[in-house]
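If you read the sequence shown in the UniProt record's numbering, its first letter stands for residue 1, the second for the next number, and so on.
Where is the CB? At the ideal position from N, CA and C, for every residue including glycine.
Quick caveat, the model's predicted, so the values are computed rather than measured.
First the structure, in the form of structure tokens, and then the observations on it.
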Amino acid sequence: MLHVERLRRTGSAVERFNTPSNPYWATIGLRISPAAPGTGVVLDLEVPLRDLPLFLFRSVEHFTHVMSEHVTRALARGLSGWEVTDCRVTLTEVAYASWDGPPSRRGPLPTALDYRKLTPLVVRQALVRAATQVCEPVLGVSLEVPTRDSPQLLRLLGRWGTEVTGQTATADLTRIEARIVAARLHDLQHQLPDLTGGEGVLETRFDGYEPVRGDAPVRRS
């Protein structure tokens, strides 16, 4: 299972046309903020409709759809190479050049390519200011083991820093509910038969992500 990146805080960035850092004939400003787990990537508009390049995109809905695709593509690789998720991206500034505007706004009309090329640059700048943390997948596990073997299993889970969320026991059988990082699943599957004399039963389910402890992995490819 892959890791993801989540934002540490809110970050903003803007690139305006007719400035040395922006080679495109468009302006994009945006703010990227953390959102609740499971949100994914959400795009909002916080700009006057008159500023939108509707001569290119025909409607507000189509412009929003296209920009959402550009933003999502830009967030496919975060600062550590993993997908950035659970964030809200708000467009705070949109403008474009024209031949008949004031001197600071003069230039050729932009094309759709200007917005496609400029968006990832602004997203990256905002990401750097927001910072990200790498999160690893977590599994919910249900274990049924002979009661006599439960203490040593609980000790093992404790050494791994596993969160035990529930435990019920009878004279013969103990049921343990826990949350374990996915990277430990193979170890648990390997050691469970030896700890329980082959009588342990394990069920797993995906249960979200949590920040990596220690050094976070960087995705190179």
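Counting only runs of 3+ residues, the beta strand (DSSP E) found wholly inside the stretch 138-204 occupies 163-169 and 173-181, in chain order.
By the neighbour-count definition (other C-beta atoms within 10 Å, threshold 16), A131 is an exposed residue.
Put simply, the backbone Cα of H62 is about 23 Å away from that of S33.
Here W82 is buried. Its C-beta has 16 or more other C-beta atoms within 10 Å.
Fewer than three beta-carbon pairs drawn from the stretch 154-166 and the stretch 113-123 are found closer than 8 Å, and the two stretches are therefore not classed as touching. Secondary structure of V14 (DSSP, three-state): strand. The Cβ atoms of V212 and E136 lie closer than 8 Å to each other.
Under the 10 Å beta carbon count, F55 is surrounded by fewer than 16 other beta carbons and is classified as exposed. The DSSP-derived three-state label of S98 is strand. Bounds of any alpha helix (DSSP H) do not take in T27; it lies within the beta strand (DSSP E) bounded by A26 to P34. Cβ atoms of T90 and R155 stay farther apart than 8 Å, at about 48 Å.
Relative to V41, the option among V128, D86, H3 and P53 whose CA is nearest is D86. Take P193, set aside five residues on each side of it, and the residues of its chain with a beta-carbon closer than 8 Å to its own are G200, in chain order. R50 counts as exposed, since fewer than 16 other beta carbons sit within 10 angstroms of its beta carbon. In terms of Cβ geometry, R184 and L143 do not form a close pair [threshold 8 Å]. Distances from the CA of P48 to each of G29, A216 and H65 were compared; the closest alpha carbon is that of G29. For D215, there is no enclosing alpha helix (DSSP H), as DSSP marks it with neither H nor E.
The Cβ-Cβ distance between F57 and L139 does not fall below 8 Å. Scanning V66, S80 and L109 for the CA closest to the CA of W25 turns up L109.
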